[in-house]
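J.:
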Amino acid sequence: MKSFNYKTSATIQARDILKFSLNKQTALVLILLLTVWLGIDEVYAQVQGDPNQTILETLIKWTPLMFFGPPNEFGGFVLNITVSFIAMAMGTFMGLWVGIGQVSPNNIIRRSSWLITQLFRNSPWLVLLFYFMLLLPYTVEIAGTRYDISGWTKATFALSLPIMANLAEIVRGAINSIPTGQWESAQSLGFSRRQILWQIILPQCIKRMIPPWMNWYCILTMATPLISILGVNDGMTLTQHALAAEARSEFLIPMYLWLMTWFFIYSYPIALYTQRFERRFTITN
Amino acid sequence: MNTNTWDSTQPIVSLKDVHKSFGDLEVLKGITFDVMKGEVICIIGPSGSGKSTLIRCINALNDIQSGSIKFQGQEVHDPELDKLELRKKVGMVFQQYNLFPHKTALENVMMAPIKVLNQNPEEVEKTARALIRKVRLVGKEDSYPGELSGGQQQRVAIARSLAMSPHIMLFDEITAALDPETVKEVLVTIKELAAEGMTCILVTHEMGFAKELADHIYFTDNGVIVEHGPPNEFFNEAKDPRTKEFLSQIL
Numbered sequence: 000m001k002s003f004n005y006k007t008s009a010t011i012q013a014r015d016i017l018k019f020s021l022n023k024q025t026a027l028v029l030i031l032l033l034t035v036w037l038g039i040d041e042v043y044a045q046v047q048g049d050p051n052q053t054i055l056e057t058l059i060k061w062t063p064l065m066f067f068g069p070p071n072e073f074g075g076f077v078l079n080i081t082v083s084f085i086a087m088a089m090g091t092f093m094g095l096w097v098g099i100g101q102v103s104p105n106n107i108i109r110r111s112s113w114l115i116t117q118l119f120r121n122s123p124w125l126v127l128l129f130y131f132m133l134l135l136p137y138t139v140e141i142a143g144t145r146y147d148i149s150g151w152t153k154a155t156f157a158l159s160l161p162i163m164a165n166l167a168e169i170v171r172g173a174i175n176s177i178p179t180g181q182w183e184s185a186q187s188l189g190f191s192r193r194q195i196l197w198q199i200i201l202p203q204c205i206k207r208m209i210p211p212w213m214n215w216y217c218i219l220t221m222a223t224p225l226i227s228i229l230g231v232n233d234g235m236t237l238t239q240h241a242l243a244a245e246a247r248s249e250f251l252i253p254m255y256l257w258l259m260t261w262f263f264i265y266s267y268p269i270a271l272y273t274q275r276f277e278r279r280f281t282i283t284n
Numbered sequence: 000m001n002t003n004t005w006d007s008t009q010p011i012v013s014l015k016d017v018h019k020s021f022g023d024l025e026v027l028k029g030i031t032f033d034v035m036k037g038e039v040i041c042i043i044g045p046s047g048s049g050k051s052t053l054i055r056c057i058n059a060l061n062d063i064q065s066g067s068i069k070f071q072g073q074e075v076h077d078p079e080l081d082k083l084e085l086r087k088k089v090g091m092v093f094q095q096y097n098l099f100p101h102k103t104a105l106e107n108v109m110m111a112p113i114k115v116l117n118q119n120p121e122e123v124e125k126t127a128r129a130l131i132r133k134v135r136l137v138g139k140e141d142s143y144p145g146e147l148s149g150g151q152q153q154r155v156a157i158a159r160s161l162a163m164s165p166h167i168m169l170f171d172e173i174t175a176a177l178d179p180e181t182v183k184e185v186l187v188t189i190k191e192l193a194a195e196g197m198t199c200i201l202v203t204h205e206m207g208f209a210k211e212l213a214d215h216i217y218f219t220d221n222g223v224i225v226e227h228g229p230p231n232e233f234f235n236e237a238k239d240p241r242t243k244e245f246l247s248q249i250l
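Just so you know, the sequences run in chain order G and P. For the first sequence, numbering that gives the first Met the number 0 assigns the number 0 to the initial residue and increments by one for each residue that follows. For the second sequence, numbering that gives the first Met the number 0 assigns the number 0 to the initial residue and increments by one for each residue that follows.
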């Protein structure tokens, strides 16, 4: 009984230390960011030639545009997040099927899934963006009605493809990581292949797929400013516009840092949660 | 399928000259035997002699190269065979239990009758609870496999197979991964099954168990049946030197 108590208190201690280190980590990063910000303010307070507008005032002035896009238009940082959401949803859906395709008993399905995966996993994202920007039409006609395909729609589709390929690999890996005994015992109970996959194998895969899935979401979100090269009004493009309008080179670093901070504040909690999930997964296993 | 004239006076399982290879390695080199309804058959022999492969062929988990395996008069070694239909009637329990880890003990037992046989979930639950009682696991219905001991998991696996009301049960070294004390609790369950008249084919290393329970013992080595007979005859009057050597090492 005594040793048991000792053991539980040790576990609690370990958990507290973990929590503390996590908090310390967060605090360190925040302090670092703050230091950089203060440092910049300091520097610009000195070099500022035109006293009409401080860096802070300029940032505040441009923030609505950079964050929400031009009035009555879809854009800015919000567009980056929207693109990341939709591309992730599409990539997850397609990646699931392509991943399942890679373990299909049908030769043609298996090989084509493998080919698709390799193709999009090993292409630079920017090249894919350019490619689909040029490949996809600007308008489509469905049942007599013309629909415009906006730049960001194309860009979203292009970004979903490498996500699809990488998630397909994660799905394939997860399926293969389930012991063959699970397949055999289910087979011997009369389950069909499809039932085994959807009711027995994939539910067991979800837990081990969540951390890499979240990780890819972060990577995708960080990659969304790439679409600015294609003339989409995302946060990056609008920051460039703001800088061009100001025509003050000393604002270059703080403006981009401001944008970067939003991305950081958005992604960092996800990264922390990913770590926590991973740790919990390794403990329960 | 109506041409099937099998009745229970004929062997429920009948193997004739079964050959099975993995690539160049021939693991079964002409196996022939019959199992009657209600019989308990033990297959013993050194590791790697093809015992597990042999019983996995009976429910078509492994295919064979030549020969014939008949279950209730129906050819198993037939590309046209509906394997899913066959497996509904042939239960199998594995050495590694292979319970579904994301389901509770009760859900493990209930899953196949609901999803495969499309039975009414409420009735399935009643049967499943009765089966859990039968394998002496009352109170463990809501435990996940990870929370159960090896012997308990194996008994859930037996209940899971029985939930399909199979006509025959295959046991593939089901006590090999258990420690000696838990082996007993699993063997008791099988003993009860046999007493109820369930046809059982066991691959086992439990000689005492085989001696006590088996109607017929087959000794395999190197992919052939070296010797067979009722337990008394087999254990006391073994003729083949390979059988003698094996028994002297085990007993």
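For every residue, glycine included, the Cβ atom is placed at its ideal position computed from N, Cα and C. Fair warning: this is a prediction, and the values are worked out from it, not measured in the lab.
Got a sec? Which residues, its chain only, sit under 6 angstroms from Arg207 of chain G by beta carbon, not counting five neighbours each side?
T.: Working through the first sequence from its first residue, we reach residue 207 of chain G at position 208. Contacts found: Ala173.
J.: I'd like to know whether the C-beta atoms of Val134 of chain P and Ile157 of chain P end up nearer to each other than 8 angstroms.
T.: For the purposes of this step, residue 134 of chain P is taken as the residue at position 135 of the second sequence. For the purposes of this step, residue 157 of chain P is taken as the residue at position 158 of the second sequence. Their beta carbons are under 8 angstroms apart, which means Val134 of chain P touches Ile157 of chain P by this criterion.
J.: Can you give the Cα-Cα distance for Leu192 of chain P and Asn175 of chain G, rounded to whole angstroms?
T.: In the second sequence, residue 192 of chain P corresponds to position 193, counting from 1. In the first sequence, residue 175 of chain G corresponds to position 176, counting from 1. Distance between the alpha carbons of Leu192 of chain P and Asn175 of chain G: 35 angstroms.
J.: Are the Cβ atoms of Val202 of chain P and Glu226 of chain P separated by less than 8 angstroms?
T.: As a first step, residue 202 of chain P must be located in the second sequence, where it is residue number 203. As a first step, residue 226 of chain P must be located in the second sequence, where it is residue number 227. No.
J.: Suppose you measure from the CA of Ile264 of chain G to the CA of Leu60 of chain P; what does that come to, to the nearest Å?
T.: Taking the first sequence and counting its residues from 1, one reaches residue 264 of chain G at position 265. Taking the second sequence and counting its residues from 1, one reaches residue 60 of chain P at position 61. Cα-Cα distance, rounded: 53 angstroms.
J.: Would you identify the three-state DSSP class for Ser283 of chain P, choosing helix, strand or coil?
T.: For chain P, the structure presents residues 0 to 250; residue 283 of chain P sits outside this window and is missing.
J.: Could you say which of P:Ser164, P:Tyr217, P:Lys15 lies nearest to His76 of chain P if we only look at CA atoms?
T.: Against the second sequence, residue 76 of chain P aligns to sequence position 77. Ranking P:Ser164, P:Tyr217, P:Lys15 by Cα distance to His76 of chain P puts P:Lys15 first.
J.: What does Gly75 of chain G pair with, by DSSP beta-bridge criteria?
T.: By 1-based counting over the first sequence, the position of residue 75 of chain G is 76. Partner(s): G:Asp233.
J.: I need the DSSP call for His227 of chain P, collapsed to helix, strand or coil.
T.: As a first step, residue 227 of chain P is located in the second sequence; it is residue number 228 there, counting from the start. Of the three classes helix, strand and coil, the one that applies to His227 of chain P here is strand, per DSSP.
J.: Along the stretch 179 to 190 of chain G, where does the CB come closer than 7 angstroms to a CB of chain P? Name the residues.
T.: Listed by position, the residues of the stretch 179 to 190 of chain G near chain P (Cβ gap below 7 angstroms) are Gly180, Gln181, Glu183, Ser184, Gln186, Ser187, Leu188, Gly189, Phe190.
J.: To the nearest angstrom, how far is the alpha carbon of Ser111 of chain G from that of Leu95 of chain G?
T.: Taking the first residue of the first sequence as position 1, residue 111 of chain G is located at position 112. Taking the first residue of the first sequence as position 1, residue 95 of chain G is located at position 96. Whole-angstrom Cα-Cα distance: 14 angstroms.
J.: For a cutoff of 8 angstroms on Cβ pairs, would you count Ile85 of chain G as touching chain P?
T.: By 1-based counting over the first sequence, the position of residue 85 of chain G is 86. No, because no Cβ of chain P sits closer than 8 angstroms to the Cβ of Ile85 of chain G.
J.: From P:Asn97, P:Ile42, P:His101, pick the residue whose C-alpha is nearest to that of Ser160 of chain P; which is it?
T.: Translated into positions along the second sequence, residue 160 of chain P becomes position 161. Among P:Asn97, P:Ile42, P:His101, the Cα nearest to that of Ser160 of chain P belongs to P:Asn97.
J.: What residues are listed by DSSP as bridge partners for Leu127 of chain G?
T.: For the purposes of this step, residue 127 of chain G is taken as residue 128 along the first sequence, with counting starting at 1. Paired residue(s): none; Leu127 of chain G is not in a bridge.
J.: Any idea what DSSP makes of Phe67 of chain G, helix, strand or coil?
T.: For the purposes of this step, residue 67 of chain G is taken as the residue at position 68 of the first sequence. DSSP places Phe67 of chain G in helix when its eight states are reduced to three.
J.: With C-beta atoms as the reference, is Ala213 of chain P less than 8 angstroms away from Gly189 of chain G?
T.: The residue labelled residue 213 of chain P in the question sits at position 214 within the second sequence. The residue labelled residue 189 of chain G in the question sits at position 190 within the first sequence. Contact: no.
J.: Alpha helix (DSSP H) containing Ser13 of chain P: first to last residue?
T.: Walking along the second sequence from the start, residue 13 of chain P turns up at place 14. First-last for Ser13 of chain P: 12 to 21, but that is the beta strand (DSSP E), not the alpha helix (DSSP H).
J.: For Thr203 of chain P, which three-state DSSP category applies?
T.: Indexing the second sequence from 1 puts residue 203 of chain P at position 204. Coil, per DSSP.
J.: Any contact of the stretch 113 to 127 of chain P with the stretch 44 to 55 of chain P, i.e. 3+ C-beta pairs under 8 angstroms?
T.: Result no; under three Cβ-Cβ pairs closer than 8 angstroms.
J.: Run through chain P and tell me which residues come within less than 7 angstroms of Ile199 of chain G, C-beta to C-beta.
T.: On the first sequence, position 200 is the one that residue 199 of chain G refers to. Under the 7 angstroms cutoff, chain P gives Phe99.
J.: Are the beta-carbon atoms of Leu128 of chain G and Leu225 of chain G separated by less than 8 angstroms?
T.: Within the first sequence, residue 128 of chain G is the residue found at index 129, counting from 1. Within the first sequence, residue 225 of chain G is the residue found at index 226, counting from 1. Yes, the Cβ-Cβ distance between Leu128 of chain G and Leu225 of chain G is below 8 angstroms.
J.: Report yes or no: is there a C-beta of chain P within less than 8 angstroms of the C-beta of Pro202 of chain G?
T.: The residue given as residue 202 of chain G occupies position 203 in the first sequence. Yes, its Cβ sits closer than 8 angstroms to a Cβ of chain P.
J.: Which runs of the alpha helix (DSSP H) fall wholly inside the stretch 137 to 212 of chain P and span at least 4 residues, in chain order?
T.: You should have 149 to 161, 179 to 194, 206 to 212.
J.: For Gln239 of chain G, which residues in chain P fall below 8 angstroms Cβ to Cβ?
T.: As a working note, residue 239 of chain G is residue 240 in the first sequence. Result: empty, since nearest Cβ-Cβ is about 49 angstroms, beyond 8 angstroms.
J.: Interface residues of chain P around Gln194 of chain G at Cβ under 9 angstroms?
T.: As a first step, residue 194 of chain G is located in the first sequence; it is residue number 195 there, counting from the start. Result: Lys114, Val115.
J.: Whose CA, out of P:Thr31, P:Ile40, P:Glu38, P:Phe70, lies closest to the CA of Thr4 of chain P?
T.: On the second sequence, position 5 is the one that residue 4 of chain P refers to. Per the Cα distances, P:Phe70.
J.: Short of 6 angstroms in beta carbon distance, which residues of its chain neighbour Leu64 of chain G, apart from the five on each side in sequence? Order them along the chain.
T.: Mapped onto the first sequence, residue 64 of chain G falls at position 65. Taken in chain order, the residues that qualify are Leu237.
J.: Straight-line CA distance for Asn105 of chain G to Leu32 of chain G?
T.: By 1-based counting over the first sequence, the position of residue 105 of chain G is 106. By 1-based counting over the first sequence, the position of residue 32 of chain G is 33. Whole-angstrom Cα-Cα distance: 53 angstroms.
J.: Run through the DSSP bridge pairs and tell me what Arg145 of chain G is partnered with.
T.: By one-based count along the first sequence, residue 145 of chain G stands at place 146. Note: Arg145 of chain G sits in a beta bridge opposite G:Glu140.
J.: Comparing alpha-carbon positions, which option in P:Gln153, P:Glu38, P:Asn221 lies nearest Ser184 of chain G?
T.: The residue labelled residue 184 of chain G in the question sits at position 185 within the first sequence. Minimum Cα distance to Ser184 of chain G is reached at P:Gln153.
J.: Drop a sphere of 10 angstroms on the beta-carbon of Arg86 of chain P, count the other beta-carbons inside from all chains shown, and report buried for 16 or more, exposed for fewer.
T.: The residue given as residue 86 of chain P occupies position 87 in the second sequence. Buried: at least 16 other Cβ atoms inside 10 Å.
J.: Which same chain residues end up closer than 7 angstroms to Leu101 of chain G when comparing Cβ atoms and leaving out the 5 residues on each side of it in sequence?
T.: Against the first sequence, residue 101 of chain G aligns to sequence position 102. Per the sequence presented here, residue 101 of chain G reads as Gln, with Leu not at that position. So the qualifying residues of the chain are Arg109, Ser112, Trp113, Thr116, Ala167, Arg171.
J.: Secondary structure at Gly150 of chain G, three-state DSSP: helix, strand or coil?
T.: As a position in the first sequence, residue 150 of chain G is number 151, starting the count at 1. In the structure shown, Gly150 of chain G sits in a helix (DSSP, three-state: H, G or I).
J.: Does any residue of chain G have a CB that is nearer than 8 angstroms to the CB of Asn58 of chain P?
T.: Within the second sequence, numbered from 1, the residue matching residue 58 of chain P stands at position 59. For Asn58 of chain P, the answer is yes, since a Cβ of chain G falls inside 8 angstroms of its Cβ.
J.: For Lys87 of chain P, which residues in chain G fall below 7 angstroms Cβ to Cβ?
T.: Residue numbering aside, residue 87 of chain P sits at position 88 when the second sequence is read from its first letter. Chain G residues near Lys87 of chain P: Gly189.
J.: Which residues mark the beginning and the end of the beta strand (DSSP E) in which Glu249 of chain G is found?
T.: Taking the first sequence and counting its residues from 1, the one referred to as residue 249 of chain G is at position 250. Premise fails: Glu249 of chain G is in no beta strand (DSSP E) and is neither H nor E.
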